[in-house]
Amino acid sequence: MKKKRKIIGAAMGNCVHVAGVLGFLKLAESEGYETIFLGPACSIDRILGAAKEVNADIVAISYRLTPAASRYLFARLKEKIHEFGLENIEYIFGGTLPVAEEAEKSGIFRKIFSTQPISEVIAYLKGINSTESSAIYPHDLIHRREAMRPFPLIRHHFGLPSVEETVKGIEKIAEAKVLDIISIAPDQIAQSAYFRQDEIDSGLGGAGGVPLRDENDWHSLYNASRRGNYPLLRSYNGTRDLIKMARLLQDTIHNAWAAIPLCWYSALDGRSDRKLKEAISENQSAIAWHAERNIPVEINEPHQWGLRGAHDTIFVAMAYISAYNAKKLGVHDYISQYMLNTPPGTSPTMDLAKMLAAKELISRLEDRDFKVYTQIRPGLMAFPSDIDRAKGTLASSIYTGMFLQPDIVHVVSFSEADHAATPDDIIESCKISRQVIENTMLGIPSVNSKDIMRRKNELKAEALYLIERIEMLGQGVEDPLTDPEILTWAVKLGILDAPDLIGNPYARGKLKTSVIGGACYAVDKSEARILSEMDRLDEIGVYSDEKDSDTQRFQF
């Protein structure tokens, strides 16, 4: 068995600040080191004596007081290292930037940490040369995730109304080293008509994102990201011509993963004119295209229902059905996204119950050929327009999401309700989120509260009932949960429904929901009584033992 390397850590001299060195030692333990913490305000003799006694490989010293005092202590440390005969030990330092500059001048330390991103700390502990950017910052999602463990990757959406502004913004964000993935936000025209530019109304260019119109635009975005911490790039696959767009994204920005819905970006939400059944079929074909090339896939479906007011049971059911479709279509690495704070009024307790219910159902699908990665994000509708309050919402939402042990944290800028995020907004939002993440790595309370467990188990049972009803619609169909006609049928009948779909010709649009006690429930017409899923489906004529005979009249 390989011998563990030993690290001794301490706050030196009269410094009592130990959070930084403790966080470093905890990270070192996760990388297989044996660590010994000596405590605050340790004398130089005590630090070096302990290092000699245990035959330490590394001495990690922290000091966060004045630069002048640190200069004196570093001079004493240099003398004592020679006196103790410990020149062969590796010394590293962590502290404020002014003190780190004094540490650099002392010539004692092999590595000095102050404002560097956590990825560089992890790289040091893994023994990766900090000048090897490709080693510290792998250029694909799965290897980058492994390199960053135990910390999640950070992602943010970005796109300004001109290509030039967006290029400059990506350069600035990459140099700041605050995130791992930049999600390109194409404008609405690029999403729907990139390959049909004769349809473009130039007066609407730049609405909702960056007006990307040819391959050179995409290449310029990728080239802008090749600096700093070399963030991965990704983009949604658009609302039409999905496979054409998939090829473009792979050839230009090396799309980190695909994000494709099942039912949406169709006539159901007005983001394209694709009929529902046609959209489901095309979306599935695009998912399979990525699966064949071993490109990770996210099916951004469940929160689309939640954003339109659907109750928690539909979110949980569609989270499972999305993952089920991904597995059946051959996806190996699946990104399961959990949008928190949706709908507004959802409490952190009930949010966790909902997400844990979805996560546990999805975990049933995992095996050697189907790996699930958890991605959390704040809800779009949760942010107030007051910027200071919005910063509080961001921090609160990220903290709640960390209970789900995410692989990816999709940060939403605090500016969301006021203006499109600038590079400075994104950098600040990511720094706020990073601090919350690092704080939670020191330990967070258990989620096993009675309220969470009760609601989680209730939602799992309700979601499974809903899923069974969809399967019963497809009696005689080989796999109802992946059949576009059955899924279309489920929407038309109202098994899958949302209040905001009222008047939509492809949906029933009759569902009423209400946030009660921090959870979103289906309610009766008077909105006075909570409906179980059995009661809700019986009320709309979807019976537990056979298809509703009326469904035969629907044509798809």
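Numbered by my numbering, the letters in the sequence shown go through residues 61 to 616 in order. All C-beta atoms, glycine included, are put in the ideal place defined by N, C-alpha and C. Fair warning: this is a prediction, and the values are worked out from it, not measured in the lab.
With DSSP as the reference, identify every bridge partner of residue i, one or two as the case may be.
i	result
Leu293	Ile242
Leu213	Ile468
Phe173	Gly154
Phe218	Ile244
Val575	Cys580
Cys102	Met72
Ile590	Val583
Ala319	Glu358
Gln257	Beta-bridge pairing links Gln257 to no other residue.
Ser122	Ala71 and Gly154
Phe97	Gly69
Gln397	Gln435
Phe430	Asp427
Val270	Pro246
In whole angstroms, give me the CA-to-CA distance for residue i and residue j.
i	j	result
Glu426	Cys490	30 Å
Ala306	Tyr380	24 Å
Pro291	Leu281	11 Å
Ile504	Glu599	42 Å
Gln344	Leu125	58 Å
Ile121	Gly154	6 Å
Leu597	Ile555	7 Å
Arg136	Ile104	8 Å
Gly145	Ile67	18 Å
Trp365	Met72	54 Å
Pro408	Ile512	10 Å
Leu185	Ala588	58 Å
Arg613	Gly563	Because the pLDDT of Arg613 is 33, which lies under 50, any placement of that residue in the model is unreliable, and the question is left without a value.
Leu541	Ser90	40 Å
Val81	Tyr93	14 Å
Thr611	Ala477	Interpretation of Thr611 is limited by its pLDDT of 40, a score under 50 that renders its predicted location unreliable; no figure is taken from the coordinates.
Ala550	Arg215	33 Å
Arg424	Glu522	16 Å
Val496	His77	19 Å
Ala79	Asp411	30 Å
His470	His371	23 Å
Ser382	Glu342	15 Å
Glu606	Leu533	Reliability of the predicted coordinates at Glu606 is poor, the pLDDT of 41 falling under 50, and no value is obtained from them.
Leu561	Lys86	49 Å
Gln257	Ser473	31 Å
Ile172	Arg300	50 Å
Glu593	Ala582	8 Å
By Cβ distance, which residues of its chain are closer than 6 Å to residue i, with the 5 residues on each side in sequence left out?
i	result
His217	Ser243 and Ala245
Ile347	Ile320, Val357 and Leu389
Ala70	Leu98, Cys102 and Ile107
Lys431	Asp393
Ser457	Leu400, Asn401 and Pro438
Tyr123	Met72, Cys75, Ser130, Gly155 and Val159
Arg65	Tyr93 and Asp117
Who are the near neighbours of residue i in its chain, counting only those whose CB is closer than 7 Å to its CB and skipping five residues on each side?
i	result
Ala327	Asp333, Arg334, Lys335, Leu336 and Tyr566
Cys580	His371, Asp372, Pro403, Thr406 and Thr573
Ala386	Ile347, Val357, Ile359 and Tyr394
Kindly list the residues whose CB is nearer than 8 Å to the CB of residue i, restricted to its own chain and excluding five residues on each side of it in sequence; keep chain order.
i	result
Ile199	Ile is not the amino acid found at residue 199; the sequence shown has His there. Taken in chain order, the residues that qualify are Tyr290, Leu292 and His314.
Met208	Ile178, Ser179, Ile182 and Asp240
Glu531	Pro540 and Leu541
Thr434	Ser396, Tyr398, Lys419, Leu464, Gln465, Pro466, Asp467 and Ile468
Ser509	Thr409
Thr453	Asn401, Pro438, Ala442, Phe443, Pro444 and Phe474
Tyr391	It is Val, not Tyr, that sits at residue 391 in the sequence shown. If we look at Val391 and ignore the five residues flanking it on each side, its Cβ neighbours are Ile347, His350, Ala351, Pro356, Val357 and Phe430.
Ala250	Gly269, Val270, Pro271, Leu272, Arg273 and Gly298
Do you know whose CA, among the options, lies nearest residue i's CA?
i	options	result
His203	Asp467, Met532 and Glu235	Asp467
Phe169	Glu147, Ile188 and Leu185	Glu147
Ile340	Gly288, Ala253, Ile546 and Ala521	Ile546
Pro362	Arg294, Trp317 and Ala558	Ala558
Lys637	Asp117, Thr434 and Val602	Outside the shown range of the chain, which is 61 to 616, sits residue 637, and nothing can be said about it.
Phe443	Thr434, Tyr433, Ile436 and Ala455	Ala455
Gly578	Arg515, Ala521, Glu522 and Gln248	Arg515
Ile141	Ile172, Gly536, Asn499 and Gly109	Gly109
Leu519	Met378, Gln535 and Tyr296	Met378
Asn283	Ser166, Lys228, Gly269 and Arg568	Lys228
Ile436	Leu157, Asn360 and Ile152	Asn360
Met415	Gly219, Ala480, Asn517 and Asn354	Asn517
Thr630	Lys451, Ala253 and Trp278	Residue 630 falls outside the range modelled here, since the chain spans only 61 to 616, and no answer is possible.
Leu213	Val238, Asn499 and Thr226	Val238
Arg286	Leu157, Trp324 and Ile233	Ile233
Ile492	Asn385, Ile96, His479 and Asp448	Asp448
Phe211	Asn499, Glu113 and Pro544	Asn499
Val223	Glu164, Glu206 and Asn276	Asn276
> Counting Cβ pairs, one atom from each stretch, are 3 or more of them under 8 Å apart for the stretch 517 to 533 and the stretch 484 to 498?
Replying inline: Between the stretch 517 to 533 and the stretch 484 to 498 there are fewer than three C-beta pairs closer than 8 Å, too few to call the two in contact.
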